[in-house]
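**Q** Number 582 marks the last residue of the sequence shown (the UniProt record's numbering); no jumps.
Where is the CB? At the ideal position from N, CA and C, for every residue including glycine.
Note that the coordinates shown come from a computational prediction; the quantities given were computed from them, not determined experimentally.
This is the structure I want to talk about, given as structure tokens.
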Amino acid sequence: MPQLENALFVDSMFGTPLQIYLDKDVPDRHSLVELVKKHGGSVSQGYSGVPYILVDPHKDSGQNLFRQYANKKGKVVLDARWIRECIKAAQLQTFLTNWAGCKVDGTEAQAQEETPTPARPRTRHAEQQQRQQPQPVQPLHIDPLGHSQTHYAFEVYVPPIPPTPPQPWQPAAAIAPEQTHITPAHILHRPAEYREEPAWNHYHQPEAPINPAPPSYDYRYRDDGNGWASSAPYYDPAYVQPYQATYVEEENTTTPEAGPSTLPHETPEKSRGRKRARPTAAPAPPTSSLVANRNPPARSPTPPTRVVKSTYGGNLFTADDVMYLKKYIDYCHEQGLVLSLREICERIAVKAPHHTFYSWRRYCNKHQIRLGGYTMNADRSVSPNPDGDDEEDNQPGPSSRPPGGSIHNLMHVNAAPRNRSPTPPRALFRSTTGKGVAFTDDDITFLVRFMEYRKSQGKLDMVAFWKDVAIKAPHHSRASWMKYWRRHKHELERNEADAPLPVPPDKKMRYSRGDDILLAKHFYNKVEGTSDKIFQAFGRLYPHHPWKGWQEHHRIHKPKIDHFIQRLANGETLEDEEEAPQ
Numbered sequence: 001m002p003q004l005e006n007a008l009f010v011d012s013m014f015g016t017p018l019q020i021y022l023d024k025d026v027p028d029r030h031s032l033v034e035l036v037k038k039h040g041g042s043v044s045q046g047y048s049g050v051p052y053i054l055v056d057p058h059k060d061s062g063q064n065l066f067r068q069y070a071n072k073k074g075k076v077v078l079d080a081r082w083i084r085e086c087i088k089a090a091q092l093q094t095f096l097t098n099w100a101g102c103k104v105d106g107t108e109a110q111a112q113e114e115t116p117t118p119a120r121p122r123t124r125h126a127e128q129q130q131r132q133q134p135q136p137v138q139p140l141h142i143d144p145l146g147h148s149q150t151h152y153a154f155e156v157y158v159p160p161i162p163p164t165p166p167q168p169w170q171p172a173a174a175i176a177p178e179q180t181h182i183t184p185a186h187i188l189h190r191p192a193e194y195r196e197e198p199a200w201n202h203y204h205q206p207e208a209p210i211n212p213a214p215p216s217y218d219y220r221y222r223d224d225g226n227g228w229a230s231s232a233p234y235y236d237p238a239y240v241q242p243y244q245a246t247y248v249e250e251e252n253t254t255t256p257e258a259g260p261s262t263l264p265h266e267t268p269e270k271s272r273g274r275k276r277a278r279p280t281a282a283p284a285p286p287t288s289s290l291v292a293n294r295n296p297p298a299r300s301p302t303p304p305t306r307v308v309k310s311t312y313g314g315n316l317f318t319a320d321d322v323m324y325l326k327k328y329i330d331y332c333h334e335q336g337l338v339l340s341l342r343e344i345c346e347r348i349a350v351k352a353p354h355h356t357f358y359s360w361r362r363y364c365n366k367h368q369i370r371l372g373g374y375t376m377n378a379d380r381s382v383s384p385n386p387d388g389d390d391e392e393d394n395q396p397g398p399s400s401r402p403p404g405g406s407i408h409n410l411m412h413v414n415a416a417p418r419n420r421s422p423t424p425p426r427a428l429f430r431s432t433t434g435k436g437v438a439f440t441d442d443d444i445t446f447l448v449r450f451m452e453y454r455k456s457q458g459k460l461d462m463v464a465f466w467k468d469v470a471i472k473a474p475h476h477s478r479a480s481w482m483k484y485w486r487r488h489k490h491e492l493e494r495n496e497a498d499a500p501l502p503v504p505p506d507k508k509m510r511y512s513r514g515d516d517i518l519l520a521k522h523f524y525n526k527v528e529g530t531s532d533k534i535f536q537a538f539g540r541l542y543p544h545h546p547w548k549g550w551q552e553h554h555r556i557h558k559p560k561i562d563h564f565i566q567r568l569a570n571g572e573t574l575e576d577e578e579e580a581p582q
């Protein structure tokens with residue numbers, strides 16, 4: 001185990017080693033692996049299940065991984081030097097520290113190509129040889145009557161003086177004795193827009209003396225010059241204050257001002273542009289508030305104590321394990337614990353640790369164990385119906401069939417036109433992934449019938465419609481109802497004149513690199529039309545994936561597909577057999 005002082009790459013909450021993936025093309029990979037292990041981290045052989053992916057951003061493999069995981073939640077693609085930056089700072093460099101400047105943004109390869117090879121040492125050597133040649137010393141000529149410096153020692157009034165080349169007796173960076181009185185370079189390059197302004201003519205300027213002191217003398221030895229007051233080493237305070245306020249304001253504005261202003265000082269707003277405070281949509285109420293527990297409190301089932309070892313490693317699932325799983329699912333339903341199958345497996349893994357959470361979940365998926373519906377409260381709030389009470393259909397209790405029915409079958413169940421509002425669903429099903437509430441056949445039927453009813457009442461106000469849907473069926477939020485309708489609108493609003501949709505494949509398949517190349521070649525020809533029409537036609541050409549899956553895959557992996565399109569535009573040939581970076 002790593003020492004406490006070396007435990008750098010560990011989870012701050014759980015104290016477990018951080019899973020880090022180091023790309024195979026990272027230079028000095030072996031030493032970086034040793035550093036990660038030395039400081040408490042763990043190096044993974046694959047990048048699919050780790051949060052930190054370290055690559056060399058100047059190589060193609062690093063850019064490919066960036067395009068693949070740039071927009072994925074819970075993953076960050078970093079430069080491999082992030083490891084040394086964390087060790088150097090003795091602290092894990094995270095989002096709060098901008099990843100120590102090591103986060104890959106996809107422009108590193110282009111920046112490396114555009115950076116020319118520096119040839120500065122040879123140029124400097126040639127310049128030094130030229131400067132070693134003797135050159136005649138030219139005296140510095142300053143017009144004494146050009147500018148008045150007695151009263152105005154302001155630095156912007158110093159005339160620009162051409163710099164003289166260094167003398168042969170000195171290095172290139174030295175200063176000759178004749179140049180010790182020259183005005184510094186940062187004053188010579190002041191903006192010229194302040195030199196001549198009409199507003200300065202309004203001030204009472206004394207006449208310039210016949211023989212004024214040189215401007216450089218006033219700058220370097222101004223305390224010894226005649227006419228300089230001890231309380232104001234630069235200029236007269238009588239006009240300094242109003243101009244000083246104006247000069248400070250000039251730094252924040254882009255329009256020049258003609259002299260001092262007597263108006264009150266107003267600080268301009270830093271943020272420009274119209275910012276509209278959008279009201280955030282109210283989330284769906286917690287599922288526990290929609291399901292009432294009408295049974296007295298009871299103890300949870302007792303976990304099994306008999307463990308049978310497997311000859312292949314791990315433990316076997318016995319009849320006691322299967323019975324305990326079913327009893328715990330029934331216990332959750334009876335007590336009103338609105339848990340998903342994933343959450344139930346997480347709790348069972350704590351109570352019966354002889355099987356891991358992944359083993360319990362894999363057993364449920366293998367044997368197709370599904371949860372029934374949770375009966376919602378009968379006194380839930382409903383929207384008022386202008387025509388009277390809601391229609392009470394002779395519907396049974398909560399449906400026991402799992403969600404995920406066919407929408408095409410539901411479209412043939414439409415009855416005669418309705419003159420009353422339909423009854424909302426009475427049961428909710430938790431999603432199998434544990435991310436919320438699943439959409440069931442009853443939900444879809446209610447949505448379609450309620451929309452038809454509102455259309456029959458006159459002009460349909462979609463804003464009020466979605467608000468009423470969320471009130472009548474609160475187990476889904478308004479945003480969830482709208483999102484489901486937006487994704488399945490093409491299936492719920494089909495006409496007989498529409499072209500038939502592509503037949504979905506019999507078996508689900510993984511998307512490969514060849515699929516990305518097919519999409520890149522298809523969009524390389526600048527296909528026109530709506531997104532649905534384009535992908536429906538594409539799904540007919542390549543039916544091994546559903547057309548909606550093609551559309552979603554293109555949306556998620558668009559940076560990678562656009563990169564393939566760019567390579568095709570450059571004249572490169574993309575081979576299907578070429579493997580993606582592993």
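Quick one: residues in its chain with C-beta nearer than 7 Å to the C-beta of Ile344, no 5 flanking neighbours on either side, listed in chain order?
**A** Counting only Cβ-Cβ distances below 7 Å, and skipping sequence neighbours, we find Tyr328, Ile329, Cys332.
**Q** Going by CA-CA distance only, name the one from Glu493, His545, Ala520, Ile556 that's closest to Asp506.
**A** Residue His545 is the option with its Cα nearest to Asp506.
**Q** Reducing DSSP to helix, strand and coil, say where Tyr243 ends up.
**A** Caution applies to Tyr243, whose pLDDT of 47 falls short of 50 and renders its modelled position unreliable; the value that the coordinates give is listed next. Three-state DSSP puts Tyr243 in a helix.
**Q** Using only alpha-carbon positions, find the residue among Leu492, Lys459, Asn419 that is nearest to Asp443.
**A** It is Leu492.
**Q** How far does the beta strand (DSSP E) with Asp79 in it extend, from its first residue to its last?
**A** Asp79 -> beta strand (DSSP E) spans 76-79.
**Q** Alpha carbon to alpha carbon, what distance is there between Asp105 and Glu452?
**A** Their Cα atoms are separated by approximately 48 Å.
**Q** Name the residue from Cys364, Lys24, Ile561 whose alpha carbon lies nearest to the alpha carbon of residue 583.
**A** Missing from the structure shown is residue 583; the chain here goes from 1 to 582 and no further.
**Q** By how many angstroms is the C-alpha of Lys526 removed from the C-alpha of His554?
**A** Looking at the two C-alpha atoms, the distance is approximately 15 Å.
**Q** Just tell me which of Val503, Lys309, Ser300, Met509 has its CA closest to the CA of Ile348.
**A** Nearest option by C-alpha distance: Ser300.
**Q** Start and end of the beta strand (DSSP E) containing Phe429?
**A** Phe429 -> beta strand (DSSP E) spans 427-430.
**Q** Roughly how many angstroms lie between the CA atoms of Arg510 and Gly549, to the nearest whole one?
**A** Rounded to the nearest angstrom, the two C-alpha atoms are 11 Å apart.
**Q** Can you find at least 3 beta carbon pairs, one from the region 45-63 and one from the region 75-84, that sit closer than 8 Å?
**A** Judged by Cβ distances under 8 Å, the region 45-63 makes contact with the region 75-84, as three or more pairs qualify.
**Q** So the beta strand (DSSP E) Tyr52 belongs to, where does it begin and stop?
**A** Per DSSP, Tyr52 belongs to the beta strand (DSSP E) from 52-55.
**Q** Identify which residue in Arg478, Leu92, Lys455, Ile534 has its Cα closest to the Cα of Val36.
**A** Ranking the options by Cα distance to Val36, first place goes to Leu92.
**Q** In whole angstroms, give me the CA-to-CA distance for Pro504 and Pro51.
**A** Cα-Cα distance, rounded: 34 Å.
**Q** Can you name, in chain order, every residue of its own chain whose Cβ lies under 6 Å from the Cβ of Ala352, other than the five neighbours on each side?
**A** These residues qualify, in order along the chain: Pro303.
**Q** Let me make sure I understand the geometry here. Which of Val338, His39, Val322, Ser512 has the alpha-carbon closest to that of Arg306?
**A** It is Val322.
**Q** Could you tell me which of Pro500, Lys455, Phe439 sits nearest to His476, measuring between CA atoms?
**A** Closest option to His476, Cα to Cα, is Phe439.
**Q** What is the rounded straight-line gap between the Cα of Arg361 and the Cα of Leu341?
**A** Whole-angstrom Cα-Cα distance: 8 Å.
**Q** List the whole-angstrom C-beta distance separating Arg454 from Leu460, where the pair is believed to meet the contact cut-off of C-beta under 8 Å.
**A** At roughly 5 Å, the Cβ-Cβ gap stays under 8 Å, so Arg454 and Leu460 are in contact.
**Q** What do you get for residue 610, buried or exposed, if any count of 16 or more other CB atoms within 10 angstroms of its CB means buried?
**A** This structure gives no information on residue 610, because the portion of the chain shown stretches from 1 to 582.
**Q** Where DSSP assigns a beta bridge to Lys309, which residues make up the other side?
**A** Answer by DSSP bridge pairing, in chain order: Asn315.
**Q** Let me check understanding here. Comparing Cα to Cα, which of Ala7, Lys558, Arg478, Ala520 lies closest to Ile565?
**A** It is Ala520 whose Cα lies nearest to the Cα of Ile565.
**Q** Rounded to whole angstroms, what is the Cα-Cα separation between Ile471 and Trp481?
**A** If I take the Cα positions, the gap works out to 11 Å.
**Q** Nearest-angstrom Cα distance between Pro422 and Pro297?
**A** Answer to the nearest angstrom: the Cα atoms are 35 Å apart.
**Q** Looking at C-alpha atoms only, which residue of Leu428, Thr356, Gln335 is the closest neighbour of Gly372?
**A** Among Leu428, Thr356, Gln335, the Cα nearest to that of Gly372 is on Leu428.
**Q** Relative to the alpha-carbon of Ser48, which residue among Gln68, Ser61, Thr318 has its alpha-carbon at the smallest distance?
**A** It is Gln68.
**Q** Out of curiosity, what's the CA-to-CA distance linking Lys435 and Leu339?
**A** Spanning the two alpha carbons is a distance of roughly 10 Å.
**Q** Count the other CB atoms within 10 Å of the CB of Val350; is the residue buried (16 or more) or exposed (fewer)?
**A** Flag for Val350 reads exposed.
**Q** Could you spell out where the beta strand (DSSP E) holding Val43 opens and where it closes?
**A** Run containing Val43: 42-44, per the beta strand (DSSP E) assignment.
**Q** Under the rule that 16 or more other beta-carbon atoms within 10 Å means buried, what is Arg478, buried or exposed?
**A** By the 10 Å Cβ count, Arg478 comes out buried.
**Q** Report the option in Met462, Thr311, Thr375 whose CA atom is closest to the CA atom of Pro424.
**A** The candidate whose alpha carbon is nearest that of Pro424 is Thr375.
**Q** Kindly indicate which three-state DSSP category Ile369 falls into: helix, strand or coil?
**A** Residue state, collapsed to three classes: coil.
**Q** In the structure shown, what three-state DSSP assignment does Gln68 receive?
**A** Correct three-state label for Gln68: helix.
**Q** May I have the straight-line CA-CA distance separating Phe357 from Glu346, to the nearest angstrom?
**A** When rounded, the distance between both Cα atoms is 6 Å.
**Q** Considering just the uninterrupted stretch of the beta strand (DSSP E) at Leu22, what are its terminal residues?
**A** It spans 19-22 - the beta strand (DSSP E) in which Leu22 sits, taken as one unbroken run.
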